Each structure stands twice: as C-alpha cells, then as structure tokens.
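Under this note's numbering, the sequence shown has 220 at position 219, and the numbering climbs by one with no breaks. Heads up, the beta-carbon is just placed ideally off N, CA and C, and yes, glycines get one too. Bear in mind that the values here come from a model prediction, so they are computed numbers and not experimental data.
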Amino acid sequence: MQLIRESFGGACMVFKATIFFFLAIVSFGLASETHINAEPAHQTDANKVKWPDTQPVLRFAINHFPPYSILSEGKPPAGINVEAMKIVAEQLNMRLKFMECPFARCIVLLEKGLVDVFVGVTHSAEREEFLHFIEPPVAPGSVQTFYARAGSSISINEFADLDGLIVGLLRHSLYFPEFDKATNFAKVEANTHMQLIDLLLNKRIDALVGSERRFNYLLHEQGLSNKISQQTFHVAENRKVYLALSKHSVHSDLAESFSKALSYAKNKGVFETPFDRSSSEELQ
C-alpha cells in the first residue's frame, strides 16, 4: 500500500510539473512583451472615455523600423512612433505595453487580436477585414526605392530593369501597385529588414525594395552605406500610412476615440519632428 501511495504521489508531481511547464510556455506568448509603462498615464481633458479604476492596457505591436521605431538591446523602445503612441495612450488613459515582433508577425497578431495597435500600415481591402484604419493618416505616403550590392552589375533605372531579377521584399508588405502585381521577376520574402540586407550581401537576391527614408537610415546605422547602393529608379507612392487598430481588440469599439487621440498627437507635431535619441528619454 505504501508503494502504491508513493507511486501515485510521484505521478501527481510529474503531472503538476507538466502542467506548469505548459502554462509557462503559453504565457510566454507569440511576441516578446517588453517595457510596460511603470507609471499610469494621467487623466486628460481630451479623454472622453470613462474607465474603471484599473487602467486598461494598450498592446502596441512594434518592429525595428528606424527612425520610426528603434529596438536596441538593453534599452526601451524609441522613435517617432513610440513618442506618438505614448501621447495616444495618455489621451485614452491607457497603459502602453510594447510587443516586439517582426513586421509580418505583427500583422498576424493584429489579425488574431493578440495585439491591439500597430503604426505604419497602408490600406488594402484584405487588411480592412480585420483592421480599423484610424484617421487621420500618420503619413501621406513614402518613396519606394531599390537597393543593390555596391559594385555589382545591377543597375535599376526604370521598372523594366527588374525583369529577370530576384528582388527581396518584406513579407505582408505593400509597395506600389505595379510592383505588387508584377510577375516578370522573382520575389523573395523576408521577415525583417535586416534579413533582407543579409540576403543581399550574401548574394541570395539581386536587389531589395523598401522605403527610401527608412532604409537609408538603417544602412547608415549599420555602417553599410558603402556596401549597398541606392538605385536610380524610385516611386513616390501616395498610399497613406495609418495607425491600425485590430477589429478583434478589446478596444475595437473605441475607433473614434483613437482618432481623436491621434489627431491630438499629430497636432503636437510628433510625426514631423526629426527623431533625436539623445533628447528622447530613450524613446523607441
């Protein structure tokens, strides 16, 4: 009988340990959660939403996309979008939680409602099925351009020069209609901008496409401006860029309140102010 009790007790301990391990894995989540604001946001006159005593959390999906969002090891997220979302969260009396994820993963998490908001997406009918595109847009559009290895024979002066090339792009991204629909060249997807750069430097792709301002910033930051050259061909794309709110978020019915808070942030000039890390309180 004693042996049976000991065997049963041991089995229970194993079962409990297994359950604990499973819960630990689940709680880790699908994205990295970092930098929850320690101090609650202050009430503001512009805040029209009445919340309970416990301040609600706003899960902000963020990827490394300088100068708009900058993720550095051992430092809080910083950048233009982070500053803007701090203002938005304060206006809504919410506590901001950063959820780090590659762009493609951020989109999936938005679709599943596992994060609430993301800054920096363009509108499409497919995305509108699971996203609120909050007005006003955060930017009127961007310049999309191409990059190749410095010293290579690749020269992209017009769209036709892409024929037969292998071009890298960010998974789930939209660039400009002619490019998005094209089939006259191969497309290789990557999860992050640094993966695209690595593919290019390792000769896995011939060229990559992306935002001129953001890639030039990233290449300068990484000291790669002499290894990767910007090509002549570019497109000034007028697809507006938005703050997106997941339709599966617990805050989904507050789209109008988000719009008012975002308008307040824009009126403060946060999106027009050049980002300066030295004066940013280690912003994103």
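- Three or more beta-carbon pairs drawn from the stretch 120 to 128 and the stretch 238 to 245 are found closer than 8 Å, and the two stretches are therefore classed as touching.
- Residue range 167 to 171 is occupied by the beta strand (DSSP E) that includes I167.
- Judged by beta-carbon spacing, V210 lies beyond the 7 Å limit of F160, meaning their Cβ atoms are not closer than that value.
- Within the stretch 63 to 91, complete beta strand (DSSP E) segments of at least 3 residues are not found at all.
- Closest in C-alpha terms to S143, from the list H249, S212, A256, I229, comes S212.
- For D207, the closest C-alpha among the options A149, P138, G75, S125 is that of A149.
- DSSP places P178 within a helical segment (H, G or I) once states are collapsed to three.
- Burial check for E74: the Cβ neighbour count within 10 Å stays below 16, so the residue is exposed.
- When secondary structure is reduced to three states using DSSP, Q196 falls in the helix class.
- Taking C-beta atoms as the reference points, A256 and A85 fail to come closer than 7 Å.
- Classified as buried, H252 has 16 or more neighbouring CB atoms from the shown chains inside 10 Å of its CB.
- Our two residues, K87 and L97, have alpha carbons roughly 7 Å apart in a direct line.
- The way I'd put it, the stretch 123 to 137 doesn't touch the stretch 215 to 223; fewer than three beta-carbon pairs between them come closer than 8 Å.
- Take the alpha-carbon of Q92 and the one of V168: they are about 42 Å apart.
- Here D117 is buried: its Cβ has 16 or more other Cβ atoms, across all protein chains shown, within 10 Å.
- Beyond the five residues adjoining it in sequence on each side, A237 comes within less than 6 Å, by CB distance, of V144 in the same chain, given in chain order.
- Looking at the DSSP output, H235 bridges to T146.
- For the pair F180 and L166, the CB atoms are not nearer than the 7 Å cut-off.
- Non-local C-beta neighbours of F131 in its own chain, meaning closer than 6 Å and more than five positions away in sequence, comprise E112, K248, ordered along the chain.
- By the 16-neighbour rule on beta-carbons within 10 angstroms, A191 is buried.
- Y176 is the residue among R60, Y176, L72, F234 whose C-alpha sits nearest the C-alpha of S125.
- When DSSP reads this structure, G211 sits in a beta bridge with T146.
- Burial is judged here by how many other beta carbons sit within 10 angstroms of a residue's own beta carbon; N82 has at least 16 and is buried.
- For E101, no alpha helix (DSSP H) encloses it; the enclosing beta strand (DSSP E) starts and ends at 96 to 101.
- Scanning its chain for C-beta atoms nearer than 8 Å, with the 5 sequence neighbours on each side dropped, one finds around N227 the residues A151, in chain order.
- Here L59 has A90, M95, L97, D117 as same chain residues with Cβ atoms under 6 Å from its own Cβ, once five neighbours each way along the sequence are excluded.
- With a contact defined as Cβ atoms closer than 8 Å, F61 and R215 miss out at about 18 Å.
- Taking 7 Å as the cut-off, the beta carbon of P103 is found no closer than this to the beta carbon of T184.
- When beta bridges are read from the DSSP output, R60 appears opposite K98.
- For S258, the enclosing alpha helix (DSSP H) starts and ends at 256 to 268.
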